[in-house]
Amino acid sequence: MHARISGTGHYLPRQRLTNHDLEQRVDTSDQWIRDRTGIAERRIAGADETVVTMSVPAAKAALAAAGLHAQDLDMIVLATTSADKAFPSAACELQHALGVTDIPAFDVGAACAGFMFAMSIADQYIRNRQAKHILVVGADVLARLCNPNDRNTIVLFGDGAGAMVLSASEEPGVHSTHLHSAGEFSELLGAGHVNAFNAAASDDDAWLYMKGSEVFKVAVNKLSELVADTLAHNQVSQAELDWLIPHQANRRIIQATAKKLNMSLEQVVLTLEYTGNTSAASVPIALDVAIRDGRIQRGHKLLLEAFGGGFAWGSALVTY
Ligand code: ACO
Numbered sequence: 001m002h003a004r005i006s007g008t009g010h011y012l013p014r015q016r017l018t019n020h021d022l023e024q025r026v027d028t029s030d031q032w033i034r035d036r037t038g039i040a041e042r043r044i045a046g047a048d049e050t051v052v053t054m055s056v057p058a059a060k061a062a063l064a065a066a067g068l069h070a071q072d073l074d075m076i077v078l079a080t081t082s083a084d085k086a087f088p089s090a091a092c093e094l095q096h097a098l099g100v101t102d103i104p105a106f107d108v109g110a111a112c113a114g115f116m117f118a119m120s121i122a123d124q125y126i127r128n129r130q131a132k133h134i135l136v137v138g139a140d141v142l143a144r145l146c147n148p149n150d151r152n153t154i155v156l157f158g159d160g161a162g163a164m165v166l167s168a169s170e171e172p173g174v175h176s177t178h179l180h181s182a183g184e185f186s187e188l189l190g191a192g193h194v195n196a197f198n199a200a201a202s203d204d205d206a207w208l209y210m211k212g213s214e215v216f217k218v219a220v221n222k223l224s225e226l227v228a229d230t231l232a233h234n235q236v237s238q239a240e241l242d243w244l245i246p247h248q249a250n251r252r253i254i255q256a257t258a259k260k261l262n263m264s265l266e267q268v269v270l271t272l273e274y275t276g277n278t279s280a281a282s283v284p285i286a287l288d289v290a291i292r293d294g295r296i297q298r299g300h301k302l303l304l305e306a307f308g309g310g311f312a313w314g315s316a317l318v319t320y
């Protein structure tokens, strides 16, 4: 049995934050941000928006695209590291909002790589015939975790949600998923030392911290190894790939991965120019955008990959 993508959806908050807006807040420039990252603007969740409220429309769009009702689902896996509560999980709240009961629903935390981890878990359940339809969501509000005075981070992150329904199928589907973690890099990227959980933390400890250029170097190396391993594992050549759907952190990291795959940027789905880095939501948002605008067609071979805090990184080779 294989897991096949039966539907996708996404949601972006209405509020736009452009590079020019950021020029008014911190010492930065539109040119610097575009040159170093490829980002021109990002969407910011409103005061009444959360991981759960953003996940609902993304999930409904994915279910509608799959021709399914929420009641058809056997499981909900939601990748996030910015839910507004420690518990109940965002997945349980999403389950309730979708009007479903009595199916397992849980969150997965692997920062920007979270969606790859959630998708891998869902794939295992379907392969093992323990589930027929699983809703996989990636949603984050990391812009909220950035210190508004820190030009190193606020230029990078935006908010959003992306969703995918994986369904049991005789045809592949997801060929393989590959996950990695390396906790020794935890000092380079992290967020949310929240006082409620950690009596020793100060208010400043709660903000997202990042040693950008060091993260950049490890990301390029690990993603290059990851995409090569993913293709080799499946005995698929670079030329057989139709699309790369990368995590949207930085255009230069994406270019390095595409170069490794001998792919032109025409075969790479890029949304970061107008979404920024939406963390766990970035891969499913990019995937849904390219499915809905007709670039990705049934039968195309896709390589999905993401890298983020932990460090954690992962990939999936998929026939759409
Ligand atoms: N505007 C203007 N100047 C800036 C800004 C800014 N917004 N931010 C930093 N600078 C300055 C720095 O202070 C530094 O100045 P200095 O030389 O006087 O010290 C200079 O620009 C260069 O800084 P670098 O950090 O070396 O710049 P770099 O080319 O590495 O680009 C960036 C920075 C964009 C952050 C890049 O390193 C990057 O994208 N890193 C990876 C981010 C990432 O992938 N994160 C992983 C996912 S996130 C997650 O998991 C939650």
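All residue numbers for the sequence shown refer to UniProt numbering, where the first residue is 1 and numbers rise by one. No residue lacks a Cβ here, since even glycine has one placed at the ideal position from N, Cα and C.
Proximal residues to residue i (C-beta, below 6 Å), its chain only, five neighbours per side dropped
i: Gly-158; result: Arg-42, Arg-43, Ala-143, Thr-275, Gly-276 and Thr-278
i: Tyr-11; result: Met-54, Pro-57, Ala-58 and Ala-161
i: Ser-181; result: Gly-310 and Ala-312
i: Ala-3; result: Asp-123, Ile-126, Leu-166, Gly-173 and Val-174
i: Glu-49; result: Pro-13
Residue i: CB within 7 Å of a non-hydrogen atom of ligand 1
i: Trp-32; result: yes
i: Asn-277; result: yes
i: Thr-28; result: yes
i: Ser-213; result: yes
i: Ile-253; result: yes
i: Ala-79; result: no
i: Phe-92; result: The displayed chain sequence assigns Cys, not Phe, to residue 92. False, no ligand heavy atom lies under 7 Å from that Cβ.
i: Met-1; result: no
Simplified DSSP assignment, three categories, for residue i
i: Glu-41; result: strand
i: Thr-28; result: coil
i: Tyr-320; result: coil
i: Met-119; result: helix
i: Asn-277; result: strand
i: Ser-181; result: strand
i: Ile-134; result: strand
i: Lys-301; result: strand
i: Phe-87; result: coil
i: Glu-142; result: Here residue 142 is Leu; the residue named in the question, Glu, does not match the sequence. Correct three-state label for Leu-142: helix.
i: Ser-82; result: coil
i: His-175; result: strand
i: Asp-229; result: helix
Same chain only: Cβ atoms within 8 Å of residue i, ignoring 5 sequence neighbours per side
i: Val-51; result: Leu-78, Thr-80, Ser-82, Ala-83, Asp-84, Ala-90, Ala-139, Asp-140, Val-141 and Ala-161
i: Gln-71; result: Gly-99 and Val-100
i: Ser-264; result: Ala-258
i: Val-220; result: Ile-253, Ala-256 and Thr-257
i: Ile-33; result: Asn-19, Leu-22, Ile-39, Ala-40 and Val-155
i: His-300; result: Asp-242, Trp-243, Thr-319 and Tyr-320
i: Ser-224; result: Ala-256, Thr-257 and Lys-260
Residue j beta carbon less than 8 Å from that of residue i
i: Val-215; j: Leu-244; result: no
i: Ser-6; j: Ala-66; result: yes
i: Met-116; j: Leu-166; result: no
i: Arg-298; j: Tyr-320; result: yes
i: Leu-304; j: Leu-241; result: no
i: Val-174; j: Val-318; result: yes
i: Ala-122; j: Ile-103; result: no
i: Cys-92; j: Ala-105; result: yes
Close Cβ partners of residue i (< 7 Å) along its chain, the five nearest in sequence each way excluded
i: Ile-291; result: Thr-8
i: Ala-281; result: Gly-138, Ala-139, Asp-140, Gly-160, Ala-161 and Gly-162
i: Asp-30; result: Asn-19, His-20 and Glu-23
i: His-69; result: Leu-63
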